[in-house]
Structure formats: C-alpha cells, structure tokens
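Working notes, beginning with the structure itself.
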Amino acid sequence: MGTPYLELNDLRVRHGRVEALHGITVRAGKGEIVAILGANGAGKTTTLTAISGLLKPSGGGIFFEGEPLHTLPSHEIVRMGITHSPEGRRVFNTLTVEENLALGAYTRKNTVRTAEIRDWIFELFPRLEERLDQLAGTLSGGEQQMLAIARALMGDPKVLLLDEPSLGLAPILVRSIFDSVREINERGVTVILVEQNARAALKIATRGYVMEVGKIVLEDDAENLLANPEVQAAYLGGSA
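Residue 63 in numbering that gives the first Met the number 0 sits at position 64 of the sequence shown; the count goes up by one each step and never skips.
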C-alpha cells in the first residue's frame, strides 16, 4: 500500500477496567475506502471513536500523515481534516437542518470553501436543501442519515469516519447512501467505513478488515474478502 495516510499502530483502548481493543493495527491509503466489519461488540465503533479523539488509547498510537493524533483533543483532530458521522446519526433534533450543517463547519474559517462544500452537499443530497428550515428531529430516518453525513462533510474532511450509515434504513435508501459514499470518495475523501451490511460495504471498499472481540482477525482486498468462504458464512449469509 505504500506509506499509510492514516495508521492505527498496535492500538489499545480500555473502557474502565475492560480492554476493548487488544492491539489492533489498521492502515488506510490516501483515497481508499477501508471497511471494518464485525459483529456487535467487536470493537468497530470504539475504533472510530478513538480515531476521532473521543476515547484516548491506553497503548499504541494513531497517526495521520505521519503526525500523532492520539495526543490531540478531538476538536484539533477535526481541524486536521478528520470528521466523524456517528452510529445512530445523533443529529441535533431541536435544531434545523441549516443549523446542523452550520455546526459541522464550526472549525472552518474559509467562507468561500464552506459555500462550495454546501453546494456540493445539496447536489449529493437534494432533499436536505428542500428541508433547510425543518427541525432535524422531524426528518425521516434516511434524511437524518443524510444530514449526519452532510454535517461531517461540512468540516471539509480529508478522512471521513462513517459508523453504520445503513443502520435501520430500507434497502432502496441503503443503495442510495452507499452510492453517495462512493461519490464522496471519488471527490478525494478517504473513507473509513464501519458497517454490518458487509456485502454492501465490500462492494464499494478498496480493502477491508474483520474484527472479532477487539482484535483484527482478517485483512485483505475487498474483492478477496467478498469471495472468502469464511467471510461469506459469517457475514454475507452464505455463498455470494
């Protein structure tokens, strides 16, 4: 892969006395979509939360373009170009769509660039432009997911962390969300994708990692993981 753009090196994270990540190593090259797969409780969300600085490692390190992230507060990590669309959307329900988007851009001072990103978001998710004055809590589940991704994009990320973007969505909306993720990536954004819908994730990913109980148990190109009988049996509902 060459020099990693983003690297988790022997990363360990604890929740109190319990170690949730047992020395994982994950690497992403610039421009890749890297999928992290696994069952509930495998440590996928913990991994993204550690990258974004909301959980501090108990061992190992996180590096972006060779610079350590694990020593920085989360708002500095956002300024460096890493934004996070969390599991469960977590939009600000009592704020409008417009206000949610504005919060996503709070670290950005270049108003011209911010306006460009906003225009791109409305091309990507036209429904959000139609609902700018609507309270986020009154949006449908699919629209809230679009807003969560759009809010993260307003930070003008180099790396986008996406946690379960298809969770709870109808199949037609899942396809739409993954098409959007591919388009975001084609605009030059590196994507780290945590997703239980393994087949959909691997179809758009460059490479993937499989996690079990806080450990990486498999790493390969996405195409090879799709064809792997063990991955098919565990995560893809049998043979493809």
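Beta carbons are placed, not taken as given, at the ideal position from N, Cα and C, and that holds for glycine.
Closest to residue i by CA distance: which of the options is it?
i	options	result
P156	T106, A38, A199, A200	T106
E64	M153, R26, L225, G136	R26
A200	V111, I176, R186	I176
A135	H69, E163, L94	L94
G28	L131, D118, V188	V188
Q144	N223, E222, L54, L127	L127
S84	E211, Y234, P170, S165	S165
N92	I171, L138, D178, T82	L138
R78	K108, E142, A221, P56	K108
A89	R186, V12, I171, L161	Just to set this straight, residue 89 is Arg in the shown sequence, not Ala. That would be L161, whose Cα lies nearest to the Cα of R89.
R117	E142, T82, Q133, G154	G154
N8	P56, N39, G40, E31	P56
E211	A38, E31, I32	A38
Who does residue i pair with in a DSSP beta bridge?
i	result
V158	I81, T189
K214	E211
E6	R26, F62
L134	T95
D220	R206
R11	H21, G58
Do you know offhand how far residue i's Cα is from residue j's?
i	j	result
L225	V190	19 Å
T46	G52	10 Å
G87	G167	9 Å
A239	L20	Only weak support is given to the placement of A239: the predicted model assigns it a pLDDT of 36, under 50, and the question is left unresolved by the model.
D219	L36	12 Å
L131	K43	32 Å
G237	A114	Here the model assigns G237 a pLDDT of 43, short of 50, so the residue's position is not dependable and the matter cannot be decided.
L54	L10	12 Å
G103	G58	30 Å
W119	T110	14 Å
E222	G22	26 Å
A34	T70	25 Å
I81	L68	10 Å
G140	L159	20 Å
A49	Y234	24 Å
E129	E142	11 Å
G40	E163	13 Å
G30	R186	9 Å
V12	I32	24 Å
I203	D178	9 Å
P170	Q133	25 Å
S174	T24	Here residue 174 turns out to be Arg, not Ser, going by the sequence shown. In a straight line, the C-alpha of R174 is about 30 Å away from that of T24.
R112	L172	29 Å
Inset, instruction - Just list the beta strand (DSSP E) runs in the region 42 to 114, keeping only unbroken ones of 3 residues or longer that don't cross its boundaries, in chain order. - result: The qualifying runs are 58 to 63, 81 to 84.
Inset, instruction - Enumerate, from N- to C-terminal direction, the unbroken alpha helix (DSSP H) stretches of 4 or more residues contained entirely within the region 13 to 40. - result: With a minimum length of 4 residues, no continuous alpha helix (DSSP H) run stays inside the region 13 to 40.
Legend entry - Cβ pair count under 8 Å reaching 3, the region 181 to 196 against the region 12 to 23: No, the region 181 to 196 does not touch the region 12 to 23.
Inset, instruction - Could you tell me whether the region 210 to 225 touches the region 74 to 82, using the rule of 3 or more Cβ pairs below 8 Å? - result: Not touching, per the Cβ criterion.
Legend entry - Inter-stretch contact (C-beta, 8 Å, three-pair minimum) for the region 144 to 151 and the region 98 to 113: Proximity of the region 144 to 151 to the region 98 to 113 meets the contact definition, three or more beta-carbon pairs being nearer than 8 Å.
Legend entry - Stretch-stretch touch, CB-based, cutoff 8 Å, three pairs: the region 179 to 189 with the region 121 to 134: Put simply, the region 179 to 189 touches the region 121 to 134. At least three CB pairs are less than 8 Å apart.
Legend entry - Three CB pairs or more closer than 8 Å across the region 220 to 232 and the region 200 to 208: Contact between the region 220 to 232 and the region 200 to 208 is present: three or more C-beta pairs spanning the two stretches fall below 8 Å.
Inset, instruction - Report yes or no: do the region 1 to 9 and the region 52 to 64 share at least 3 C-beta pairs separated by less than 8 Å? - result: The way I'd put it, the region 1 to 9 does touch the region 52 to 64; three or more beta-carbon pairs between them come closer than 8 Å.
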